[in-house]
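Colleague:
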Amino acid sequence: MLKVKVTVPAVCTGLGPGLDALGLALALHNTLEFGLRSDSQLVISTQGEGDDPASLRHPALHAAVRLFQTLERAPAGLTITINNRIPAGCGLGDLAALTVGGLIGANNMLDAPIKRDALIEMGCELTGQPAYIITAMLGGLVATSGTGRDLLYRRLETAALKVVIVVPDVPDYAQNVKAKLPTNPTLQDASFNLGRAALVLEAFRKNDLDLLGRAIQDRLIAPQRKELIPGYEAAIDAAQQAGAVGVALSGDGPALVAFTAVNHKRVEESMQRAFSEAGIRSRAWTVNVDTQGVAISLTR
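Take the sequence shown: its position 126, counted from the start at 1, is 126 in our numbering, and no numbers get skipped.
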(Lines of atoms letter the chains of each structure in order from A; the text may use other names.)
(Lines give C-alpha, C1' and ligand atoms only; values in the text may rest on other atoms or scores of the structure.)
Protein backbone atom coordinates (compact mmCIF):
# COMPACT_ATOMS: atom_id res chain seq x y z
CA MET A 1 0.00 0.00 0.00
CA LEU A 2 1.41 3.39 -1.02
CA LYS A 3 2.98 5.61 1.65
CA VAL A 4 4.46 9.06 1.06
CA LYS A 5 6.81 10.89 3.43
CA VAL A 6 7.39 14.62 2.93
CA THR A 7 10.02 16.65 4.78
CA VAL A 8 9.79 20.47 4.60
CA PRO A 9 12.31 23.00 5.96
CA ALA A 10 11.77 26.10 8.05
CA VAL A 11 12.31 29.42 6.30
CA CYS A 12 13.77 32.75 7.38
CA THR A 13 12.45 35.60 5.25
CA GLY A 14 13.73 39.14 5.06
CA LEU A 15 17.36 38.48 6.01
CA GLY A 16 17.47 42.05 7.27
CA PRO A 17 16.56 44.41 4.45
CA GLY A 18 14.86 41.87 2.15
CA LEU A 19 11.33 42.16 3.61
CA ASP A 20 9.19 39.44 1.98
CA ALA A 21 11.43 39.20 -1.10
CA LEU A 22 14.29 37.06 0.26
CA GLY A 23 14.06 33.64 1.87
CA LEU A 24 16.61 31.23 3.32
CA ALA A 25 15.68 27.60 3.99
CA LEU A 26 16.86 26.22 7.34
CA ALA A 27 17.46 22.60 8.38
CA LEU A 28 14.68 22.51 10.96
CA HIS A 29 11.89 20.40 9.52
CA ASN A 30 8.28 19.35 9.66
CA THR A 31 7.64 15.79 8.48
CA LEU A 32 4.33 14.60 7.06
CA GLU A 33 3.52 10.95 6.32
CA PHE A 34 0.59 10.02 4.09
CA GLY A 35 -0.95 6.55 3.93
CA LEU A 36 -3.98 5.00 2.27
CA ARG A 37 -6.77 3.62 4.45
CA SER A 38 -9.10 0.69 3.90
CA ASP A 39 -12.10 2.88 4.83
CA SER A 40 -13.27 6.27 3.51
CA GLN A 41 -12.07 8.46 6.40
CA LEU A 42 -9.62 11.37 6.36
CA VAL A 43 -7.64 11.11 9.60
CA ILE A 44 -4.90 13.47 10.76
CA SER A 45 -2.68 13.22 13.85
CA THR A 46 0.00 15.66 14.97
CA GLN A 47 2.81 15.84 17.50
CA GLY A 48 5.45 18.39 18.41
CA GLU A 49 5.13 22.12 17.90
CA GLY A 50 1.94 24.09 17.30
CA ASP A 51 -1.71 23.66 18.14
CA ASP A 52 -3.40 23.37 14.74
CA PRO A 53 -6.64 21.38 15.02
CA ALA A 54 -6.60 17.74 13.93
CA SER A 55 -9.48 18.39 11.53
CA LEU A 56 -10.23 19.69 8.04
CA ARG A 57 -9.10 23.09 9.31
CA HIS A 58 -5.52 21.85 9.67
CA PRO A 59 -3.32 23.60 7.03
CA ALA A 60 -1.89 20.32 5.69
CA LEU A 61 -5.26 18.63 5.30
CA HIS A 62 -6.80 21.82 3.93
CA ALA A 63 -4.06 21.95 1.26
CA ALA A 64 -4.48 18.26 0.44
CA VAL A 65 -8.24 18.61 0.03
CA ARG A 66 -7.75 21.66 -2.21
CA LEU A 67 -5.48 19.63 -4.47
CA PHE A 68 -7.94 16.73 -4.59
CA GLN A 69 -10.72 19.16 -5.50
CA THR A 70 -8.58 20.67 -8.26
CA LEU A 71 -7.98 17.22 -9.77
CA GLU A 72 -11.54 16.07 -9.02
CA ARG A 73 -10.24 12.80 -7.62
CA ALA A 74 -8.95 11.57 -4.27
CA PRO A 75 -8.02 8.42 -2.35
CA ALA A 76 -11.00 6.73 -0.72
CA GLY A 77 -9.39 7.09 2.72
CA LEU A 78 -6.27 8.84 3.91
CA THR A 79 -4.17 9.09 7.08
CA ILE A 80 -1.77 12.02 7.61
CA THR A 81 0.70 11.82 10.49
CA ILE A 82 2.66 15.01 11.21
CA ASN A 83 5.74 15.65 13.32
CA ASN A 84 6.21 19.39 13.78
CA ARG A 85 9.69 20.61 14.69
CA ILE A 86 9.29 24.15 13.34
CA PRO A 87 8.12 26.47 16.13
CA ALA A 88 4.68 27.85 15.33
CA GLY A 89 3.75 31.47 14.79
CA CYS A 90 7.21 32.98 15.20
CA GLY A 91 8.28 33.88 11.65
CA LEU A 92 9.89 30.57 10.63
CA GLY A 93 7.32 29.47 8.06
CA ASP A 94 5.38 26.79 9.91
CA LEU A 95 2.18 27.51 7.94
CA ALA A 96 4.05 27.33 4.64
CA ALA A 97 5.76 24.08 5.66
CA LEU A 98 2.44 22.41 6.49
CA THR A 99 0.82 23.73 3.32
CA VAL A 100 3.69 22.59 1.12
CA GLY A 101 3.71 19.22 2.86
CA GLY A 102 -0.03 18.83 2.32
CA LEU A 103 0.17 19.69 -1.38
CA ILE A 104 3.23 17.55 -2.11
CA GLY A 105 1.94 14.58 -0.14
CA ALA A 106 -1.51 14.65 -1.73
CA ASN A 107 -0.03 15.09 -5.21
CA ASN A 108 2.26 12.08 -4.80
CA MET A 109 -0.57 9.94 -3.46
CA LEU A 110 -2.05 10.41 -6.96
CA ASP A 111 1.26 9.77 -8.84
CA ALA A 112 2.21 13.48 -9.02
CA PRO A 113 0.04 14.77 -11.90
CA ILE A 114 0.58 18.44 -10.91
CA LYS A 115 4.02 19.92 -11.63
CA ARG A 116 6.11 21.98 -9.23
CA ASP A 117 5.31 25.43 -10.62
CA ALA A 118 1.58 24.79 -10.34
CA LEU A 119 2.01 23.49 -6.78
CA ILE A 120 3.92 26.66 -5.90
CA GLU A 121 1.12 28.77 -7.36
CA MET A 122 -1.44 26.83 -5.35
CA GLY A 123 0.59 27.17 -2.13
CA CYS A 124 0.99 30.91 -2.62
CA GLU A 125 -2.75 31.27 -3.18
CA LEU A 126 -3.59 29.28 -0.04
CA THR A 127 -1.21 31.16 2.28
CA GLY A 128 -0.45 34.54 0.70
CA GLN A 129 3.20 33.86 1.60
CA PRO A 130 5.17 33.47 -1.67
CA ALA A 131 8.65 33.81 -0.15
CA TYR A 132 7.96 31.11 2.44
CA ILE A 133 6.28 28.71 0.02
CA ILE A 134 8.86 28.99 -2.74
CA THR A 135 11.87 28.82 -0.42
CA ALA A 136 10.48 25.78 1.37
CA MET A 137 9.94 24.12 -2.01
CA LEU A 138 13.32 24.96 -3.56
CA GLY A 139 15.65 25.21 -0.55
CA GLY A 140 18.71 27.42 -0.24
CA LEU A 141 18.48 31.15 -0.91
CA VAL A 142 15.51 32.38 -2.93
CA ALA A 143 14.43 35.77 -4.25
CA THR A 144 10.74 36.39 -5.01
CA SER A 145 8.72 39.31 -6.34
CA GLY A 146 5.03 39.83 -6.96
CA THR A 147 2.00 37.57 -6.72
CA GLY A 148 -0.28 35.70 -9.10
CA ARG A 149 0.63 36.27 -12.74
CA ASP A 150 3.26 38.80 -11.68
CA LEU A 151 5.12 36.27 -9.50
CA LEU A 152 8.82 35.91 -10.29
CA TYR A 153 11.31 33.79 -8.35
CA ARG A 154 14.79 32.39 -8.62
CA ARG A 155 16.91 30.11 -6.46
CA LEU A 156 20.28 31.81 -5.97
CA GLU A 157 23.75 30.52 -5.29
CA THR A 158 24.80 30.38 -1.65
CA ALA A 159 27.69 28.83 0.23
CA ALA A 160 27.25 26.20 2.95
CA LEU A 161 26.47 27.93 6.24
CA LYS A 162 25.31 27.31 9.79
CA VAL A 163 23.03 29.77 11.54
CA VAL A 164 21.71 30.25 15.07
CA ILE A 165 17.96 30.49 15.59
CA VAL A 166 16.65 31.98 18.83
CA VAL A 167 12.92 32.15 19.52
CA PRO A 168 11.90 34.31 22.49
CA ASP A 169 8.59 33.52 24.17
CA VAL A 170 6.76 36.85 23.91
CA PRO A 171 3.12 36.62 25.07
CA ASP A 172 0.54 38.10 22.68
CA TYR A 173 3.26 38.94 20.15
CA ALA A 174 1.20 37.88 17.12
CA GLN A 175 -1.76 40.04 18.16
CA ASN A 176 0.45 43.02 18.90
CA VAL A 177 2.24 42.73 15.54
CA LYS A 178 -1.10 42.90 13.71
CA ALA A 179 -2.03 46.01 15.67
CA LYS A 180 1.31 47.72 15.07
CA LEU A 181 1.71 47.96 11.32
CA PRO A 182 4.85 49.60 9.90
CA THR A 183 4.57 53.31 9.25
CA ASN A 184 4.84 54.68 5.73
CA PRO A 185 8.50 54.43 4.72
CA THR A 186 10.52 57.37 3.51
CA LEU A 187 12.15 57.18 0.13
CA GLN A 188 15.51 57.33 1.88
CA ASP A 189 14.72 54.28 4.04
CA ALA A 190 13.31 52.33 1.08
CA SER A 191 16.44 53.13 -0.94
CA PHE A 192 18.61 52.04 1.99
CA ASN A 193 16.86 48.66 2.21
CA LEU A 194 16.98 48.13 -1.55
CA GLY A 195 20.73 48.67 -1.71
CA ARG A 196 21.38 46.56 1.37
CA ALA A 197 19.26 43.69 -0.01
CA ALA A 198 21.44 43.53 -3.13
CA LEU A 199 24.54 43.44 -0.92
CA VAL A 200 23.05 40.65 1.21
CA LEU A 201 22.67 38.54 -1.94
CA GLU A 202 26.28 39.20 -2.90
CA ALA A 203 27.43 38.32 0.61
CA PHE A 204 25.69 34.95 0.44
CA ARG A 205 27.00 34.28 -3.05
CA LYS A 206 30.60 34.99 -2.04
CA ASN A 207 30.30 33.62 1.51
CA ASP A 208 31.46 37.04 2.67
CA LEU A 209 30.31 37.17 6.30
CA ASP A 210 31.92 40.53 6.89
CA LEU A 211 29.81 42.05 4.11
CA LEU A 212 26.73 40.19 5.38
CA GLY A 213 27.19 41.64 8.84
CA ARG A 214 27.38 45.16 7.45
CA ALA A 215 24.50 44.73 4.99
CA ILE A 216 21.97 42.91 7.18
CA GLN A 217 20.23 46.06 8.38
CA ASP A 218 16.58 46.97 8.03
CA ARG A 219 15.03 50.42 8.39
CA LEU A 220 11.47 49.45 7.47
CA ILE A 221 10.26 46.57 9.67
CA ALA A 222 12.71 45.98 12.53
CA PRO A 223 12.31 49.46 14.11
CA GLN A 224 8.62 48.71 14.82
CA ARG A 225 9.01 45.03 15.66
CA LYS A 226 11.84 45.44 18.19
CA GLU A 227 9.59 47.51 20.45
CA LEU A 228 7.43 44.41 20.92
CA ILE A 229 10.31 42.10 21.90
CA PRO A 230 11.80 42.73 25.36
CA GLY A 231 15.55 42.12 25.29
CA TYR A 232 15.79 42.51 21.49
CA GLU A 233 18.67 45.00 21.45
CA ALA A 234 20.47 43.25 24.30
CA ALA A 235 20.23 39.89 22.51
CA ILE A 236 21.70 41.35 19.32
CA ASP A 237 24.53 43.00 21.26
CA ALA A 238 25.21 39.73 23.08
CA ALA A 239 25.31 37.80 19.82
CA GLN A 240 27.80 40.20 18.30
CA GLN A 241 29.99 40.13 21.37
CA ALA A 242 29.97 36.33 21.16
CA GLY A 243 31.18 36.45 17.56
CA ALA A 244 28.10 36.84 15.35
CA VAL A 245 28.55 39.16 12.38
CA GLY A 246 24.87 40.07 12.31
CA VAL A 247 21.38 39.21 13.49
CA ALA A 248 18.11 39.48 11.56
CA LEU A 249 14.46 39.21 12.48
CA SER A 250 12.92 36.20 10.76
CA GLY A 251 9.79 37.28 8.94
CA ASP A 252 7.50 39.13 11.31
CA GLY A 253 9.34 37.59 14.28
CA PRO A 254 9.84 37.23 17.11
CA ALA A 255 12.41 34.61 15.97
CA LEU A 256 15.92 35.95 15.41
CA VAL A 257 18.56 34.41 13.14
CA ALA A 258 22.23 35.07 13.89
CA PHE A 259 25.02 34.54 11.38
CA THR A 260 28.47 33.49 12.51
CA ALA A 261 31.34 31.33 11.26
CA VAL A 262 32.37 30.21 14.75
CA ASN A 263 31.17 29.89 18.36
CA HIS A 264 27.61 28.97 17.47
CA LYS A 265 26.85 27.53 20.90
CA ARG A 266 28.33 30.59 22.56
CA VAL A 267 26.11 32.82 20.42
CA GLU A 268 23.06 30.72 21.36
CA GLU A 269 23.80 30.93 25.07
CA SER A 270 24.63 34.64 25.00
CA MET A 271 21.38 35.55 23.27
CA GLN A 272 19.33 33.36 25.57
CA ARG A 273 21.03 34.90 28.60
CA ALA A 274 20.18 38.39 27.33
CA PHE A 275 16.54 37.47 26.91
CA SER A 276 16.49 35.82 30.34
CA GLU A 277 17.80 39.01 31.92
CA ALA A 278 14.90 40.84 30.26
CA GLY A 279 12.46 38.35 31.81
CA ILE A 280 11.88 36.42 28.58
CA ARG A 281 12.29 32.68 28.14
CA SER A 282 13.70 31.50 24.82
CA ARG A 283 14.73 28.45 22.84
CA ALA A 284 17.66 28.10 20.46
CA TRP A 285 18.96 25.87 17.68
CA THR A 286 22.06 25.84 15.51
CA VAL A 287 21.18 24.50 12.06
CA ASN A 288 22.58 24.32 8.55
CA VAL A 289 21.10 26.13 5.61
CA ASP A 290 18.84 23.57 3.92
CA THR A 291 19.94 23.41 0.27
CA GLN A 292 17.52 20.64 -0.74
CA GLY A 293 14.12 22.11 -0.01
CA VAL A 294 11.16 19.76 0.18
CA ALA A 295 12.15 16.08 0.18
CA ILE A 296 9.91 13.17 -0.81
CA SER A 297 10.17 9.43 -0.26
CA LEU A 298 7.68 6.81 -1.45
CA THR A 299 7.16 3.21 -0.39
CA ARG A 300 4.72 0.68 -1.80
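Idealized CB from N, CA, C, for every residue including glycine.
Is it right to say Val262 is buried, meaning 16 or more other beta carbons lie within 10 angstroms of its own, or is it exposed?
Modeller: Exposed, since its Cβ has fewer than 16 Cβ neighbours within 10 Å.
Colleague: Which residues does DSSP list as the beta-bridge partners of Gln47?
Modeller: In the DSSP output, where bridge partners are listed per residue, Gln47 has Asn83.
Colleague: Three-state secondary structure (DSSP) at Cys90?
Modeller: Three-state DSSP puts Cys90 in coil, outside helix and strand.
Colleague: Following the continuous alpha helix (DSSP H) through Ile134, name the residue where it begins and the one where it ends.
Modeller: Pro130 to Leu138 is the span of the alpha helix (DSSP H), which, as asked, contains Ile134.
Colleague: Please name the residue or residues paired with Ile296 in a DSSP beta bridge.
Modeller: BP columns for Ile296 point to Val6.
Colleague: When you compare the segment 95 to 115 with the segment 142 to 152, are there three or more beta-carbon pairs, one atom per stretch, that lie closer than 8 Å?
Modeller: As far as the Cβ criterion goes, the segment 95 to 115 does not touch the segment 142 to 152, which means the pair count is below three.
Colleague: Would you grab the beta carbon distance between Ile89 and Ala174 for me? Rounded to a whole angstrom, and I think it's under 8 Å.
Modeller: In the sequence under discussion, the amino acid at residue 89 is Gly, which differs from the Ile named in the question. Sure, about 5 Å apart at Cβ, within 8 Å.
Colleague: Is the separation between the beta-carbon of Ala239 and that of Gly18 shorter than 7 Å?
Modeller: For Ala239 and Gly18, no; Cβs fall outside 7 Å.
Colleague: In terms of DSSP beta bridges, what is Gly35 paired with?
Modeller: DSSP, once it has assigned bridges, lists Lys3 and Thr79 as partnering Gly35.
Colleague: I'd like to check one pair, Ile229 with Val170: are the Cβ atoms closer than 7 Å?
Modeller: In contact: Val170 and Ile229 (Cβ atoms closer than 7 Å).
Colleague: Please check the pair Pro59 and Leu98, which I expect to be a contact at CB under 8 Å, by giving their CB distance rounded to whole angstroms.
Modeller: The Cβ separation is near 4 Å, so the contact holds.
Colleague: Return the chain-ordered list of same chain residues with a C-beta closer than 6 Å to the C-beta of Asp252, the five sequence neighbours on each side being excluded.
Modeller: Contacts found: Gly91 and Val177.
Colleague: Which residue wins for smallest C-alpha separation from Phe192, given the options Leu209, Glu233 and Ile216?
Modeller: If we check each option's Cα against that of Phe192, Ile216 comes out closest.
Colleague: Answer yes if the segment 72 to 85 comes into contact with the segment 24 to 40, meaning at least three C-beta pairs across the two stretches below 8 Å, and no otherwise.
Modeller: With a cut-off of 8 Å, the segment 72 to 85 and the segment 24 to 40 count as touching, because enough Cβ pairs lie within range.
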